[in-house]
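Using numbering that gives the first Met the number 0, the letters of the sequence shown correspond one by one to residues 0 to 263. Quick reminder that beta carbons are idealized off the backbone N, C-alpha and C, glycines included. Note that the coordinates shown come from a computational prediction; the quantities given were computed from them, not determined experimentally.
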Amino acid sequence: MSDLDPVARTARLTAALRARESERPDRLFTDVLAGTLAGQAARALAEQLGEVPAIAVRTRFFDDLLTEIANAEGGPRQFVLLAAGMDTRAQRLPFPAATTLYEVDRPELLRLKDALLAGVPEPACRRVAVSADLAGDWPRSLVQAGFRADLPTCWLVEGLTQYLQEANVIRLFDRITACSAPGSHLLAEFVAASLFRDPAARPMLDALAEQGAAWHYGTDEPQPLFAERGWQVQSVPYAEVGQAMGRWPQNGVTAGGHLAHATR
Ligand SMILES: C[S@@+](CC[C@H](N)C(=O)[O-])C[C@H]1O[C@@H](n2cnc3c(N)ncnc32)[C@H](O)[C@@H]1O
0 MSDLDPVART ARLTAALRAR ESERPDRLFT DVLAGTLAGQ AARALAEQLG
50 EVPAIAVRTR FFDDLLTEIA NAEGGPRQFV LLAAGMDTRA QRLPFPAATT
100 LYEVDRPELL RLKDALLAGV PEPACRRVAV SADLAGDWPR SLVQAGFRAD
150 LPTCWLVEGL TQYLQEANVI RLFDRITACS APGSHLLAEF VAASLFRDPA
200 ARPMLDALAE QGAAWHYGTD EPQPLFAERG WQVQSVPYAE VGQAMGRWPQ
250 NGVTAGGHLA HATR
């Protein structure tokens with residue numbers, strides 16, 4: 000599945016799951032580029048996994064919020080997708096033309112994405128790819144790419160925190176906060192801490208670790224991460240959002256957790 004490191008490779012798997020969702024008659028969104036960005040190997044792996052409702056549910060949840068925030072009068076004009084992976088919201092969502100959307104991820108992932116998107120028309124908004132290590136001094140790379148910390152920003156942290164150690168999650172939120180002018184939004188997604196104690200989740204966690212993409216961080220109470228840094232936050236359990244969308248099984252392993260929207 001290309002020579003990406005195992006964590007970067009998970010971006011192709013989530014793209015494969017979005018491609019599969021896009022083929023459902025009751026799809027929650029349509030991502031026409033996802034199949035190309037995923038590639039054959041990730042699509043085959045997605046078939047083996049069966050139902051993974053969390054990816055479709057979180058994609059639709061954040062699609063709706065990003066669309067609302069981007070089109071609100073006086074709303075932020077800069078958006079930052081941290082660990083953007085194979086995200087195609089720049090192309091899929093109706094961002095106003097005056098929007099700049101920064102996609103931050105590892106250089107090799109962004110290089111592959113660029114190659115796979117060759118020939119695809121430019122999105123209506125301005126998309127800027129920023130190569131950086133999110134455990135390092137990524138705000139510096141973002142500023143060098145044109146990001147303005149004195150203007151409101153809408154951040155998205157999706158499919159990332161579970162791959163980080165807790166200390167790096169804390170540092171990430173400190174850095175996001177330091178770069179967030181008043182009027183900013185922070186959208187984030189977390190897997191449940193209880194998942195790590197759930198015997199039914201063990202085979203999935205072991206398989207991820209074996210592939211070199213171990214999950215380290217989860218939380219059952221994301222509010223303090225935001226509140227301690229001056230954000231007002233609303234967070235909802237995945238299960239609640241998924242059930243409202245008709246996509247959360249009553250039984251079986253689902254990667255539960257929380258979806259959060261914070262403002263300051
Ligand atoms: C599961 S994918 C999620 C991608 C995308 N947000 C989505 O939901 O489809 C995880 C992403 O995190 C990125 N990532 C993980 N650790 C990183 C780090 N330290 N620096 C930069 N990117 C990182 C990987 O390259 C990968 O694209």
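Proximity of residue i and residue j at Cβ, strictly below 9 Å
i, j, result
"tyrosine 237", "valine 51", "no"
"aspartate 113", "alanine 128", "yes"
"cysteine 178", "alanine 200", "no"
"arginine 26", "alanine 45", "no"
"histidine 257", "phenylalanine 195", "no"
"leucine 16", "valine 79", "no"
"serine 234", "alanine 259", "yes"
"alanine 40", "alanine 14", "no"
"alanine 180", "alanine 261", "no"
"phenylalanine 146", "glutamine 210", "no"
"methionine 85", "arginine 11", "yes"
"leucine 116", "leucine 36", "yes"
"threonine 58", "aspartate 30", "yes"
Classification of residue i by the beta-carbon crowding that lies within 10 angstroms, buried from 16 upward
i, result
"serine 193", "exposed"
"aspartate 173", "exposed"
"glutamine 90", "buried"
"aspartate 4", "exposed"
"proline 75", "buried"
"aspartate 2", "exposed"
"alanine 82", "buried"
"valine 6", "buried"
"valine 119", "exposed"
"threonine 218", "buried"
"valine 232", "buried"
"glutamate 157", "buried"
"aspartate 279", "For residue 279 there is no data in the structure shown, the boundaries of the chain being 0 and 263."
"alanine 134", "exposed"
"proline 221", "buried"
"alanine 226", "exposed"
Residue i versus residue j - alpha carbon distance
i, j, result
"alanine 191", "alanine 213", "15 Å"
"isoleucine 169", "tyrosine 162", "13 Å"
"glycine 245", "glutamine 143", "43 Å"
"valine 103", "proline 95", "20 Å"
"threonine 99", "cysteine 153", "11 Å"
"leucine 92", "aspartate 62", "7 Å"
"aspartate 132", "glycine 241", "31 Å"
"methionine 0", "leucine 185", "Below a pLDDT of 50, predicted positions are generally treated as unreliable, and methionine 0, at 48, falls in that range; no measurement from the model is reported."
"threonine 66", "alanine 33", "19 Å"
"glycine 229", "leucine 171", "15 Å"
"glutamate 165", "leucine 48", "27 Å"
"aspartate 205", "proline 106", "27 Å"
"tryptophan 137", "leucine 109", "15 Å"
"serine 140", "histidine 215", "26 Å"
"serine 183", "leucine 224", "16 Å"
"alanine 243", "serine 21", "19 Å"
"alanine 97", "threonine 87", "18 Å"
"leucine 159", "asparagine 70", "26 Å"
"glutamate 72", "proline 248", "37 Å"
"serine 130", "proline 202", "33 Å"
"glycine 38", "alanine 53", "21 Å"
"glycine 255", "glutamate 239", "10 Å"
"isoleucine 175", "alanine 43", "36 Å"
"tyrosine 101", "glutamate 121", "14 Å"
"phenylalanine 275", "isoleucine 68", "Residue coverage of the chain in this structure runs from 0 to 263, which leaves residue 275 outside it and unanswerable."
"asparagine 167", "arginine 263", "22 Å"
Within the stretch 106-139, note down every full alpha helix (DSSP H) run reaching 4 residues or more, in order along the chain. 106-115
Runs of 4 residues minimum, wholly inside the stretch 32-85: which ones carry the alpha helix (DSSP H) assignment? 33-48 and 52-70
Which runs of the beta strand (DSSP E) fall wholly inside the stretch 151-187 and span at least 3 residues, in chain order? 152-156
Suppose only complete runs of 4+ residues qualify. What are the alpha helix (DSSP H) ranges in the stretch 202-229, listed by chain order? 222-226
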